[in-house]
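First to last, the sequence lines map onto chains W and V.
FYI, the numbering used here numbers position 3 of the first sequence as 3, with every residue one higher than the one before it.
FYI, the numbering used here numbers position 54 of the second sequence as 54, with every residue one higher than the one before it.
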Amino acid sequence: MSDPADTQLVPPSSVVLVSGGSRGLGLAIVTDLLDAGVRVAAFARTVTPELEKLTAEHPDQVCVGSVDVTDLRAAQSFVREVEQRLGPIDGIVNNAAIGQDSLHVHTANDDIARIIETNLTAPLQLTRLVVRRMLGKGLRGRIVNITSICAQRGFPGLVAYSATKGGMDAATRSLARELGGRMLVNAVAPGFFASEMSAVLGPTQLEQIVRRTPTGHLTEPVEVVPVVRMLLREHTNINGQVIVVDGAASI
Amino acid sequence: MHSLGCRLRRMNELSRSQIRDLMAQVLKNQDKELPEDDSAQLREIGFRSLDFSELALRVEDETGEELNFDAPGLRRIATVSDVLDFLVELQHQ
């Protein structure tokens, strides 16, 4: 079915659901959106003291839940609770993911399944859940998928992880088409964070990546957050894109 | 498995010397030699990370048990002895 282009603008998101919002980049996104006056619903497997502190500081602006992203039923309950407390969700940041640090041949099949379930199946299902609610209410909204440079470049020890991130990049493009301009769907693909480098790649690879990065340093969450905010809040015509934030390490 | 302070090998577990033999085969297939001295540096004998994977898979073949492990443990491996220790230990997990 071919529809005429929807020329109505997508307004800035006012209630944003952030998965994996308890630490690292997710927590930085939650903090930044709260500072920008956005109402934020954040969930993660474990609610950290940092997230609890934000809840205490912004009681009317934030809703926090201890939800495993792979538990769709729990996510559904949380979404309903959020909508009662903060209003209809019109933005989602798919940030929750688990990492990998094992060569493919030495990764247990169960672990491969778990990585795919958490990093690919769960965000697709969460997106479906929220988009259905938005469409049902006639809302326009924005979706930001946090992917990774691993989706575009090869790194040892990250085969299944890279496959899931590549999958989300691909889903971003197709969903942008499918939603026909009623929602802006984009992905942000950070390079390696300094904090995770030592865990994912060895010190030699770390030095090599820094040396090859024109900006001379690894990506920090604070450098990614403004891009996420822009995609959720600014009036742009960016849709179906993957924005790489890696200091040009990958070009 | 512990018994009266002695570590007993499981039925399908390879000994350190059996793993050493397999390691020698991996190297021999590349016209390289495994030195007598277990303190020899892997870098010097040309035993690379994929060779380690090949060895681990050969151990799996012999024991019928999958040996899965994360990468950080591998980064501490520098000598022949480290390789043997790692694989012997891995079989106990």
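By construction, the Cβ of each residue, glycine as well, lies at the ideal position given by its N, Cα and C atoms.
In this text, all values refer to a predicted model and were calculated from it rather than measured experimentally.
- Residues of chain V whose Cβ lies closer than 7 Å to the Cβ of W/L103 are, in chain order, S53, A71.
- Rounded to the nearest whole angstrom, the C-alpha separation of V/L57 and W/L231 is 46 Å.
- For V/N29, no CB of chain W lies under 8 Å from its own CB, so it is not counted at the interface with that chain.
- Segment contact: the region 7 to 27 of chain W against the region 87 to 102 of chain W, three or more CB-CB distances shorter than 8 Å; contact assigned.
- Burial is judged here by how many other beta carbons sit within 10 angstroms of a residue's own beta carbon; W/G216 has fewer than 16 and is exposed.
- Counting every other CB atom within 10 Å of its CB across the protein chains shown gives W/L51 a total of 16 or more, marking it as buried.
- Distance from the CA atom of V/V80 to the CA atom of V/M23, rounded to whole angstroms, is 9 Å.
- Under the 8 Å Cβ criterion, the region 101 to 120 of chain W counts as touching the region 147 to 166 of chain W, having at least three qualifying pairs.
- With a threshold of 8 Å between beta carbons, V/L67 makes contact with chain W.
- In the DSSP assignment, V/R43 falls within the alpha helix (DSSP H) that extends over 42 to 45.
- Legend: CB atoms of the region 107 to 121 of chain W lying less than 8 Å from CB atoms of chain V belong to residues T107, A108, D111.
- Not a single C-beta of chain W is nearer than 8 Å to the C-beta of V/L34.
- Fewer than three beta-carbon pairs drawn from the region 42 to 60 of chain W and the region 133 to 147 of chain W are found closer than 8 Å, and the two stretches are therefore not classed as touching.
- For W/N94, the pairing in a beta bridge is given by DSSP as W/N145.
- At least one CB of chain W lies nearer than 8 Å to the CB of V/A56.
- Excluding five sequence positions before and after W/G247, the CB atoms of its chain that fall closer than 7 Å to its own CB belong to G191, T213, P214, T215, H217, T219, given in chain order.
- For secondary structure counted as the beta strand (DSSP E) over 3 or more consecutive residues, the region 52 to 76 of chain W holds these complete runs in sequence order: 62 to 66.
- W/V188 and W/T48 have their C-alpha atoms spaced approximately 24 Å apart.
- For the set W/S195, W/L206, W/P226, the Cα lying nearest the Cα of W/R23 is the one of W/S195.
- DSSP, reduced to helix, strand and coil, places W/R39 within a strand of the structure shown.
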